[in-house]
Structure formats: C-alpha cells, structure tokens
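One point on numbering: in this note's numbering, the residue at position 136 of the sequence shown is 126, and numbering is uninterrupted.
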Amino acid sequence: MTRLALAVDIGGTKIAAGLVAPDGTLLERRRTPTPGRGPEILRAVAGLAGPLAERAAVCGIGTAGTVDPTGRIASATDLLADWAGTDVKGAAERALGLPVLVLNDCHAAGAAEARAGAARGARTALVVAIGTGVGGAVCAEGRVLTGVSGTAGSIGHLPAPADAGVRCSCGALDHVEAYASGPAIERAHRERTGQALPLAEIGRLGSPVIGEAARLMGRVLAGAANLIDPDVIVIAGGVSMLGAALLGPMEAAYRAEVLPGPSAVPLRRARLGEDAGLVGAGLEALSRLVP
C-alpha cells in the first residue's frame, strides 16, 4: 500500500492541507483563511488537516517564518502575529497523531520544484517565491540547504539596491521584500496614483511600478547567481502570475548585471503553482520520516 503524507502549508493569507503521494501527486486539497494570531493558527491547522490524518503515515508542514531544527518557529515577520516561538512540531503531533516534519514554506516550495517541478534534475537551483513576502530556497541535488539556523535562501531579506527607507516586514529598512512583494507593489501604486487597487488590477492596468519592482528583483537575482552559480533560477509565488509584465524586465535586469559564468542560467516559471508548498512539505516528510 502506498504511504501518503499529510501536507500543510501555512501562509500569511491562507492555510492549505492535502495528501501527497511519493511521486509528488497531490491527491486532495482543502484551504481556509489564516487566522490572526499563533494559537488560532494552530487550531485552524488541526481543524483543517485533522480529517485527513487517518489516511497518512507522516505529516509535513511548511510555514512562514524561520524554523529551527526542533520544529519551533525561531523568528517570524509581522505577516504572522505571535508566531515566533511556537512549537509547531509538538502541537501538530499532539493534534494529528502523526510524526511531523516542519520546514519553512519557501524551502518546501523549493523542494517541490527541485524534485518534481521546473528545477528537476538540476545540480543546483535557486527557487524564489514572490508573494505576500519574498523568500527562497537553495537546492542541491534535489535537497534544500537550510543552513545552521534555517535562514538559508532568505533572498527577500537581502539589502535592496534602493535607499528610500522603506520598512520591511522583518523590521529592517530597504530589504528586497519591502519593494518587490505583492503588498509592496500595491503600496507603490497607491502612493504613485492615490488608487488602492489589488495586485491583479494593477497588472491589468500595466502600472509602471511593476517594472520597477521587477528590475530591482532582477538585480538582486544577478547578485545571488554570482554568489552560488546555479543551473537554474525558478520564479514562484503569486506575484509571478503577473507574467511578462514582471518577468520581462526582471530577466533584462538580471542579464545586464550577472557575471559571464551564470549569464546563461535560465529563469523559469515554477511549474507547481500554489500547490508547491504542499507537495514539497509532503515529499520532505516522506523522505525524512518514513523508514
């Protein structure tokens, strides 16, 4: 009988749950809005994922925030209030009755793209998720490199090539996330035009703030590629759905600044879309927790 993983993806706006097979197939999914604070989030996870637990052998949870080796949230930005310090692994194991692996949500998405998506077969890949925040994962031979403290791949918290004094969700000034995330693009459009519009509408209008954010992101990607020299860069996350308006100027800025070695590295759209976090959390749990 095929062993399945219960997978959970905890993001800034929604929580998703599903069952993942060893080949990366997502057999079922369900979702709910993310509650406002830590204890409420844990209750929402239990309520959403609990009915699926009896069909699974293990559970993988991808979550916003830095996850320490014990499955506790070492630090988190303002996107999830009262989340830092939460023992996600312990609480989930008690609620679901399964062995649980907890990892950062961008690391989960990176694992999915490296094993079953746009970076499959790459020796080294950089997966960048641009959404409510900006995160990333460095993958080697299909495995995510988490670093000593779990912060490896945090490209959204690199200094941006800008000095406007914009506050990032982590509290620092002028990080990439403060300029290139979905909320940052919405804020920039509002400040430029006086119109408060959702990201999709800003994209439909072809606002120049999209190109500005894209060029800034492209320059940062060039710096990252110069550092790690990957086989491929994969662009994931909801903001990537803006398509050519974002990806065109991003790639042009990348090509203009990258060194000759990684200048030929392809920039690819992620293949697994919004399911990447679930698929990666499930695959990581199956590979690490199933004998």
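Just so it is clear, CB atoms sit at the ideal spot from N, CA and C, and this is done for glycine as well.
Owing to the predicted nature of the structure, the values given are computational and were not obtained by experimental measurement.
Determine the closest residue to ASP153 out of ASP164, GLY146, GLY143 and ILE145, with distance taken between C-alpha atoms.
-> As a working note, residue 153 is residue 163 in the sequence shown. Among ASP164, GLY146, GLY143 and ILE145, the Cα nearest to that of ASP153 is on ASP164.
Can you pull the DSSP bridge partners for ALA119?
-> Start at 1 with the first residue of the sequence shown, and residue 119 comes out as number 129. Answer by DSSP bridge pairing, in chain order: GLY125 and ALA226.
So what does ALA203 bridge to, in DSSP terms?
-> In the sequence shown, the residue the question calls residue 203 occupies position 213. Answer by DSSP bridge pairing: none, since ALA203 is not bridged.
Check whether GLY126 and GLY143 have beta carbons under 7 Å apart = In the sequence shown, counting from the first residue as 1, residue 126 sits at position 136. In the sequence shown, counting from the first residue as 1, residue 143 sits at position 153. In contact: GLY126 and GLY143 (Cβ atoms closer than 7 Å).
Keeping to the same chain, check which residues put their C-beta closer than 7 Å to that of GLY11; ignore five residues upstream and five downstream.
-> Taking the first residue of the sequence shown as position 1, residue 11 is located at position 21. According to the sequence displayed, residue 11 carries Ala and not Gly. Once the five neighbours on either side are set aside, the close Cβ partners of ALA11 are THR(-8), LEU(-6) and LEU17.
Cβ-based neighbour list, GLY172, same chain, cut-off 7 Å, excluding 5 preceding and 5 following | Along the sequence shown, one-based indexing puts residue 172 at 182. So the list reads GLY121, THR122, LEU189, GLY228 and VAL229, once near-sequence residues are dropped.
Three or more beta-carbon pairs under 8 Å between the region 179 to 197 and the region 134 to 148, yes or no?
-> no
Smallest Cα separation from LEU276: which of THR15, ARG180, ALA168 and ASN216?
-> In the sequence shown, residue 276 corresponds to position 286, counting from 1. Residue THR15 is the option with its Cα nearest to LEU276.
Under the DSSP definition of a beta bridge, which residues are partnered with SER65?
-> Here residue 65 is taken as the residue at index 75 of the sequence shown, counted from 1. In DSSP, SER65 forms a bridge with THR56.
Per DSSP, which residues does GLU18 bridge with? Please list them.
-> Taking the sequence shown and counting its residues from 1, the one referred to as residue 18 is at position 28. Its beta-bridge partners are LEU9.
Are the CB atoms of GLY28 and THR60 nearer to each other than 7 Å?
-> To locate residue 28, count along the sequence shown from 1; it is residue 38. To locate residue 60, count along the sequence shown from 1; it is residue 70. The answer is no: Cβ separation not under 7 Å.
Using the Cα positions of ARG110 and LEU116, report the straight-line distance between them to the nearest angstrom.
-> In the sequence shown, counting from the first residue as 1, residue 110 sits at position 120. In the sequence shown, counting from the first residue as 1, residue 116 sits at position 126. Cα to Cα, the separation comes out at about 12 Å.
When burial is assigned at 16 or more other CB atoms within 10 Å of the CB, is VAL90 buried or exposed?
-> If you number the sequence shown from 1, residue 90 lands on position 100. So VAL90 counts as buried.
One or two residues paired with ILE192 in a DSSP bridge = Here residue 192 refers to the residue found at position 202 when the sequence shown is read from its first residue. Bridge partners of ILE192: none, in fact.
Taking GLU247 as the reference, give the member of ALA215, PRO220, LEU232 and ALA235 with the closest Cα.
-> What you label residue 247 is simply residue 257 of the sequence shown in a count that begins at 1. Measuring from the Cα of GLU247, the nearest candidate turns out to be ALA215.
For the alpha helix (DSSP H) holding ASP(-1), just list the boundary residues, first then last.
-> Sequence index remark: in the sequence shown, residue -1 carries index 9 (1-based). Premise fails: ASP(-1) lies in the beta strand (DSSP E), -5 to 0, not in any alpha helix (DSSP H).
Got a sec? Which residues, its chain only, sit under 7 Å from TYR169 by beta carbon, not counting five neighbours each side?
-> Indexing the sequence shown from 1 puts residue 169 at position 179. The residues are ALA150, ALA152, VAL156, ALA203 and LEU206.
For ALA130, which three-state DSSP category applies?
-> Residue numbering aside, residue 130 sits at position 140 when the sequence shown is read from its first letter. Strand at ALA130.
Would you call the region 237 to 244 and the region 51 to 60 touching, i.e. three or more CB-CB distances under 8 Å?
-> no
Span separating the alpha-carbon of LEU93 from that of ALA212 = Counting from 1 along the sequence shown, the entry for residue 93 is found at position 103. Counting from 1 along the sequence shown, the entry for residue 212 is found at position 222. In a straight line, the C-alpha of LEU93 is about 26 Å away from that of ALA212.
Could you spell out the range, first to last residue, of the beta strand (DSSP E) harbouring LEU279?
-> By one-based count along the sequence shown, residue 279 stands at place 289. From DSSP, LEU279 is part of no beta strand (DSSP E) but of the alpha helix (DSSP H) over 266 to 279.
Starting from the C-beta of ASP68, find all residues in its chain whose C-beta is less than 7 Å away, skip the five residues before and the five after it, and write them out in chain order.
-> Indexing the sequence shown from 1 puts residue 68 at position 78. So the qualifying residues of the chain are SER159.
Starting from CYS96, follow its DSSP beta bridges and name the residues at the other end.
-> The residue you call residue 96 lines up with position 106 of the sequence shown. DSSP output for CYS96 lists no bridge partner at all.
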